[in-house]
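What follows is a short report on a single structure.
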Amino acid sequence: MTRPPGTDERLRPVTPPPALLRHGPAERWLEALPLGNGRLGAMAWGDPGRARFSLNESTLWSGAPGVDLPHRTPRAEAAAALERSRALFTSGAVQEAQEEIERLGASWSQAYLPVGDLTVRLDGDAGPEGGDGRRELDLQHGEHRVLAADGEHLSFVSAADEVLVHCLPCPEGARAVLELDSPLVEEQREEQPADGDAALTIVLRAPSDVPGGQFRQQEQIAWESEGASRAAVVVRTRREAGRLLVVCAIVTTWQGLGRTPDRAVAEAVQEATAQAETALARGAEELHRRHRDRPRPGADAVGLQLTGSEEAELLATCFAYGRYLLASASRPGLPPANLQGLWNAKLEAPWSSNYTVNINLEMNHWGAAIAQVPEAAGALEQYVEMLREQGRDTARRLYGADGWTVHHNSDPWGYTDPVRGEPSWATWPMGGLWLEQLLDTFAACSGSDPAEVARDRFPALREAVAFALGLLHESADGHLATFPSTSPENRWRTADGTVVCLSEGTGMDRWLLRETAQHLVEAAAVLGREDDPVVQQAASALDLVPGPRVGADGRILEWHRDGLTEAEPDHRHVSHLGFLYPSGLPAEPRHEQAAARSLEARGDEATGWSLVWKVCLWARLHRPDRVQSLLELYLRPAEAPDGTARSGLYPNLFSAHPPFQIDGNLGIVAALAECLVQSHRGELELLPALPPMMADGALRGLRARPGIEMDMTWNDGTLTALTLRALGPGALGTHRLRCGERSTEVTLGDTAPVSLDLGWAC
2 MTRPPGTDER LRPVTPPPAL LRHGPAERWL EALPLGNGRL GAMAWGDPGR ARFSLNESTL
62 WSGAPGVDLP HRTPRAEAAA ALERSRALFT SGAVQEAQEE IERLGASWSQ AYLPVGDLTV
122 RLDGDAGPEG GDGRRELDLQ HGEHRVLAAD GEHLSFVSAA DEVLVHCLPC PEGARAVLEL
182 DSPLVEEQRE EQPADGDAAL TIVLRAPSDV PGGQFRQQEQ IAWESEGASR AAVVVRTRRE
242 AGRLLVVCAI VTTWQGLGRT PDRAVAEAVQ EATAQAETAL ARGAEELHRR HRDRPRPGAD
302 AVGLQLTGSE EAELLATCFA YGRYLLASAS RPGLPPANLQ GLWNAKLEAP WSSNYTVNIN
362 LEMNHWGAAI AQVPEAAGAL EQYVEMLREQ GRDTARRLYG ADGWTVHHNS DPWGYTDPVR
422 GEPSWATWPM GGLWLEQLLD TFAACSGSDP AEVARDRFPA LREAVAFALG LLHESADGHL
482 ATFPSTSPEN RWRTADGTVV CLSEGTGMDR WLLRETAQHL VEAAAVLGRE DDPVVQQAAS
542 ALDLVPGPRV GADGRILEWH RDGLTEAEPD HRHVSHLGFL YPSGLPAEPR HEQAAARSLE
602 ARGDEATGWS LVWKVCLWAR LHRPDRVQSL LELYLRPAEA PDGTARSGLY PNLFSAHPPF
662 QIDGNLGIVA ALAECLVQSH RGELELLPAL PPMMADGALR GLRARPGIEM DMTWNDGTLT
722 ALTLRALGPG ALGTHRLRCG ERSTEVTLGD TAPVSLDLGW AC
């Protein structure tokens with residue numbers, strides 16, 4: 002039954018997100034709790050006697066644009082290597098062909114860096130002992146509290162004032178003691194005289210080059226002064242009404258994405274000093290008010306409530322935590338959330354804590370549009386714009402192709418070449434297509450006018466597709482196939498048992514090319530650009546590049562032909578199944594069946610982010626039983642009772658690869674959304690893959706194609722109420738809703754939401 006329209010009949014069934022509660026201070030980084038304002042980050046350890054904050058700043062990276070220039074493969078050398086590789090591959094000499102491809106690798110992308118650890122304590126015996134007081138992270142407001150014997154210790158990172166704020170009880174006559182421990186080079190230090198309020202100004206210099214993890218035995222960190230980033234760290238304190246106010250500002254010499262970080266150090270120091278002293282003058286109460294008065298965009302727009310068990314409540318917390326982490330790590334114009342979001346304590350972090358483009362960067366942002374984290378979507382869009390500029394040279398120089406490309410690894414300076422290393426991970430040139438596919442998903446959920454979307458997306462799609470078209474050649478079976486081609490990080494065995502990775506027209510390449518080519522052709526039709534030569538080639542490719550192929554064993558083919566033996570049958574990547582998810586296109590039933598066979602063969606046990614991807618895939622297959630099994634693995638402790646490291650959650654709920662990678666935290670937002678709403682088949686499917694632990698709940702503000710925002714409640718798997726709103730002209734009109742075997746049509750206008758009382762058992 003449809004309710005009559007009103008001014009705003011939006012369901013608001015969802016309570017604010019719960020706080021993360023812990024007892025006693027953190028004893029290691031993976032027990033500390035994260036704060037951030039999209040630029041400045043801090044891990045709060047929660048010891049009231051010695052407050053410790055592991056500091057980060059999103060623009061503090063090693064190196065600069067062009068650090069790899071001396072190592073880049075020139076056009077003539079690349080062309081010769083590709084020609085030799087093609088000939089060798091065609092003759093069956095796959096290992097030798099792969100060795101030629103490896104010649105394309107240049108250097109490595111740069112590393113995301115820590116600022117260091119700031120500690121604050123009161124001199125002598127003035128401060129409380131550490132104790133085991135309660136600490137909490139308020140996900141709604143981004144605030145960390147410790148409830149100690151002497152009162153409340155409050156910390157937050159203010160977007161309004163661009164500082165870390167820490168406020169604690171302070172007995173009369175006590176003085177603050179500040180310490181900053183950093184792995185970076187200290188170029189300047191100034192400390193306040195002992196008789197005044199504690200203050201600290203430090204200038205740190207980042208390394209000029211940090212080798213990737215695979216090179217650390219052969220290559221050394223470089224500390225050249227010229228061109229390296231600097232960070233000005235300014236800490237100020239003030240006693241006020243029995244409390245101590247501590248503010249910390251950090252400003253780097255960052256000049257923008259893809260630009261040399263050569264801002265004058267004196268300017269960075271001046272700006273950080275102004276931020277800290279302005280914040281200090283405002284006082285603790287005013288800083289807190291300004292922090293609360295400037296909520297994150299979309300912070301309260303989306304919520305998920307699950308009841309009935311501790312597992313259900315933890316899952317809802319993970320959803321809220323994922324949105325919180327993504328928003329806290331993102332700001333347009335700055336580097337998007339990296340492999341650890343915003344938080345990293347190591348000079349040589351796992352995988353350099355940078356951007357892995359063959360799954361992790363995309364997964365970080367799968368939930369950005371549907372779960373309303375606009376700052377994350379904006380940051381990624383601007384980052385991809387920079388990569389396009391840098392990636393044109395890589396496309397021309399290495400492949401003689403038009404358009405642009407990025408390989409498996411990148412950084413804020415715009416590294417787009419393959420890194421030097423084993424081609425199974427290094428030589429994967431489809432990053433541009435996958436990023437454009439993700440941006441298409443953002444646009445599809447926006448509700449924008451289709452003509453506006455087509456105008457906005459056409460140039461970028463044209464370039465990405467043009468590059469992929471430049472890699473096509475006729476394969477032995479008469480189809481068009483990309484070369485060189487790999488399936489990210491996976492490998493197969495030749496007849497003599499040699500482990501190789503090189504292929505042509507892998508399953509991943511084919512679904513990415515077909516989807517982006519279809520989007521390009523559709524945009525061209527809206528704009529009247531069908532005669533564009535790239536569009537015409539793309540239309541032809543849709544006929545000549547096959548879709549998913551099914552092998553004799555009933556599984557989706559990952560490589561170029563049937564019968565190849567997998568080197569790792571349980572491999573973590575499921576790239577060849579991307580046509581099922583994250584694709585925005587419906588799959589044929591026979592391909593869905595083959596995808597299910599493929600997933601069963603891979604098994605459930607996997608890294609944290611791989612578990613999340615498999616949740617999405619099984620959700621698309623409408624298998625809540627398999628979703629349940631994977632979610633149970635996702636929620637388990639990352640450290641097994643026998644001490645074995647595995648996927649799961651660390652004490653602070655960070656997701657384990659292991660080690661920590663934030664993609665599992667951010668991707669779970671999209672995975673849970675996929676269990677609740679799907680829209681890729683041209684209709685709204687409600688509760689399509691609801692596992693038992695999600696049987697009772699409520700949802701607010703989730704978005705779906707073609708730009709519909711919804712609230713809904715359900716009880717014991719029965720959909721009880723639903724409200725839909727059109728976000729813009731692209732979502733106006735009649736839409737079919739489906740829940741299990743039940744369906745109906747709803748017409749959305751631009752004036753009021755439509756609410757329904759359903760009682761549908763899904």
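Under this note's numbering, residues 2 to 763 are what the sequence shown spells out, in order. Every residue gets a Cβ at the ideal spot worked out from N, C-alpha and C, and that includes glycine. A quick note: this is a predicted structure, and the numbers were derived from the prediction, not measured.
Open item on the list: Check for me: the beta strand (DSSP E) holding residue 593 runs from which residue to which?
Closed with: Translated into positions along the sequence shown, residue 593 becomes position 592. No beta strand (DSSP E) contains residue 593, which is instead part of the alpha helix (DSSP H) from 590 to 603.
Task: Of the residues 598, 576, 451, the one placed nearest residue 526, counting alpha carbons only - done: The residue labelled residue 526 in the question sits at position 525 within the sequence shown. For residue 526, the nearest C-alpha among the options comes from 451.
Open item on the list: Going residue by residue through the stretch 203 to 242, where are the continuous alpha helix (DSSP H) segments of at least 4 residues, counting only ones entirely within it?
Closed with: List check, alpha helix (DSSP H) in window: nothing returned.
- [ ] Keeping to the same chain, check which residues put their C-beta closer than 6 angstroms to that of residue 576; ignore five residues upstream and five downstream.
- [x] By one-based count along the sequence shown, residue 576 stands at place 575. For residue 576, where only same-chain residues beyond five positions count, the Cβ hits under 6 angstroms are 488, 489, 509.
TODO: Assuming residue 228 contacts residue 263 (C-beta within less than 8 angstroms), just tell me the rounded distance between them.
DONE: Residue numbering aside, residue 228 sits at position 227 when the sequence shown is read from its first letter. Residue numbering aside, residue 263 sits at position 262 when the sequence shown is read from its first letter. Contact check for residue 228 and residue 263: beta-carbon distance about 7 angstroms, within the 8 angstroms limit, so the pair qualifies.
Task: Cα-Cα separation between residue 174 and residue 248, rounded to whole angstroms - done: Numbered from its first residue, the sequence shown carries residue 174 at position 173. Numbered from its first residue, the sequence shown carries residue 248 at position 247. C-alpha separation (whole angstroms): 20 angstroms.
- [ ] Just grab the DSSP bridge partners of residue 446 for me.
- [x] Start at 1 with the first residue of the sequence shown, and residue 446 comes out as number 445. Paired residue(s): none; residue 446 is not in a bridge.
Open item on the list: To test your reading of the DSSP string, which unbroken alpha helix (DSSP H) runs of 4 or more residues are found completely within the stretch 327 to 365?
Closed with: The qualifying runs are 361 to 365.
Task: DSSP state of residue 4 mapped onto helix, strand, coil - done: Taking the sequence shown and counting its residues from 1, the one referred to as residue 4 is at position 3. Confidence at residue 4 is low in this model, with a pLDDT of 37, below 50, so the placement of that residue is unreliable and no value is reported for it.
Open item on the list: Between which residues of its own chain and residue 11 is the CB-CB distance below 7 angstroms, once the five residues before and five after are set aside?
Closed with: Taking the sequence shown and counting its residues from 1, the one referred to as residue 11 is at position 10. A caution first: residue 11 carries a pLDDT of 40, below 50, which makes its placement in the model unreliable, though a value can still be read off. So the list reads 712, 724, 754, once near-sequence residues are dropped.
TODO: May I have a chain-ordered list of the beta strand (DSSP E) segments no shorter than 3 residues that lie completely inside the stretch 621 to 693?
DONE: The stretch 621 to 693 contains these whole beta strand (DSSP E) runs: 685 to 687.
Task: Simplified DSSP state of residue 576, which is helix, strand or coil - done: Reading the sequence shown from its first residue, position 575 is the one you call residue 576. In the three-state reduction of the DSSP assignment, residue 576 falls in the helix class.
Open item on the list: Excluding the 5 residues flanking residue 148 on each side, which residues of the same chain have their C-beta closer than 6 angstroms to its C-beta?
Closed with: On the sequence shown, residue 148 is found 147 positions in, with the first residue counted as 1. The residues are 134, 135.
Task: Beta-carbon gap between residue 1 and residue 39 smaller than 8 angstroms - done: Outside the displayed range of the chain (2 to 763) lies residue 1, so it cannot be described from this structure.
Open item on the list: Which of the three DSSP states is assigned to residue 695 in this structure?
Closed with: Here residue 695 refers to the residue found at position 694 when the sequence shown is read from its first residue. In this structure, residue 695 counts as helix in the three-state DSSP scheme.
Task: Beta-carbon gap between residue 43 and residue 54 smaller than 8 angstroms - done: Within the sequence shown, the letter at position 42 stands for residue 43. Within the sequence shown, the letter at position 53 stands for residue 54. Yes, Cβ-Cβ distance for residue 43 and residue 54 is below 8 angstroms.
Open item on the list: Among the candidates 443, 416, 441, 442, whose CA atom is the shortest distance from the CA of residue 430?
Closed with: Taking the first residue of the sequence shown as 1, we reach residue 430 at position 429. Taking each of 443, 416, 441, 442 in turn and checking the Cα distance to residue 430, the smallest one comes out for 416.
TODO: Keeping to the same chain, check which residues put their C-beta closer than 6 angstroms to that of residue 399; ignore five residues upstream and five downstream.
DONE: If you number the sequence shown from 1, residue 399 lands on position 398. So the qualifying residues of the chain are 79, 105.
TODO: Might you give, ordered along the chain, the residues of its own chain that have their beta carbon closer than 7 angstroms to the beta carbon of residue 215, omitting 5 neighbours on each side?
DONE: Counting from 1 along the sequence shown, the entry for residue 215 is found at position 214. Cβ neighbours of residue 215 beyond the five flanking positions: 422.
TODO: Please report the Cβ distance between residue 701 and residue 303, rounded to the nearest whole angstrom; I am assuming they are in contact, meaning their Cβ atoms lie under 8 angstroms.
DONE: Here residue 701 refers to the residue found at position 700 when the sequence shown is read from its first residue. Here residue 303 refers to the residue found at position 302 when the sequence shown is read from its first residue. Contact check for residue 701 and residue 303: beta-carbon distance about 6 angstroms, within the 8 angstroms limit, so the pair qualifies.
TODO: Give me the Cα-Cα distance between residue 530 and residue 226, rounded to the nearest whole angstrom.
DONE: If you number the sequence shown from 1, residue 530 lands on position 529. If you number the sequence shown from 1, residue 226 lands on position 225. Rounded to whole angstroms, the gap between the alpha carbons of residue 530 and residue 226 is 50 angstroms.
- [ ] Decide yes or no for the touch test of the stretch 451 to 463 against the stretch 485 to 505: beta carbon pairs closer than 8 angstroms, at least 3 of them.
- [x] Because the criterion of three Cβ pairs below 8 angstroms is not met, the stretch 451 to 463 and the stretch 485 to 505 do not touch.
- [ ] Using DSSP bridges, identify the partner residues of residue 727.
- [x] As a working mapping, residue 727 is identified with position 726 in the sequence shown. Bridge partners of residue 727 according to DSSP: 709.
Task: Distance, residue 745 Cα to residue 341 Cα - done: On the sequence shown, position 340 is the one that residue 341 refers to. On the sequence shown, position 744 is the one that residue 745 refers to. Approximately 43 angstroms, taken between the alpha carbons.
TODO: Could you pull the start and end residues of the alpha helix (DSSP H) that residue 392 belongs to?
DONE: Here residue 392 refers to the residue found at position 391 when the sequence shown is read from its first residue. Residue 392 -> alpha helix (DSSP H) spans 375 to 400.
TODO: Could you tell me the boundaries of the beta strand (DSSP E) in which residue 431 lies?
DONE: Taking the sequence shown and counting its residues from 1, one reaches residue 431 at position 430. Taken as a continuous stretch (DSSP letters only), residue 431 belongs to no beta strand (DSSP E), as it is neither H nor E.
- [ ] Consult DSSP for residue 35 and reduce its assignment to one of helix, strand or coil.
- [x] Numbered from its first residue, the sequence shown carries residue 35 at position 34. Reduced to three states, the DSSP call for residue 35 is strand.
Open item on the list: If I follow the unbroken beta strand (DSSP E) through residue 147, where does it start and stop?
Closed with: Here residue 147 refers to the residue found at position 146 when the sequence shown is read from its first residue. It spans 144 to 149 - the beta strand (DSSP E) in which residue 147 sits, taken as one unbroken run.
Task: Any C-beta of chain C under 8 angstroms from that of residue 290 - done: Chain labels in this structure do not include chain C; a single protein chain is all it has.
Task: Chain-order list of residues whose beta-carbon lies under 7 angstroms from that of residue 407 (same chain, five-residue window excluded) - done: The residue given as residue 407 occupies position 406 in the sequence shown. 358, 388, 392, 417, 432, 433.
Open item on the list: Using C-beta distances below 7 angstroms, list every residue in its chain close to residue 565, excluding the 5 sequence neighbours before and after it, in chain order.
Closed with: The count along the sequence shown starts at 1 and reaches residue 565 at position 564. These residues qualify, in order along the chain: 493.
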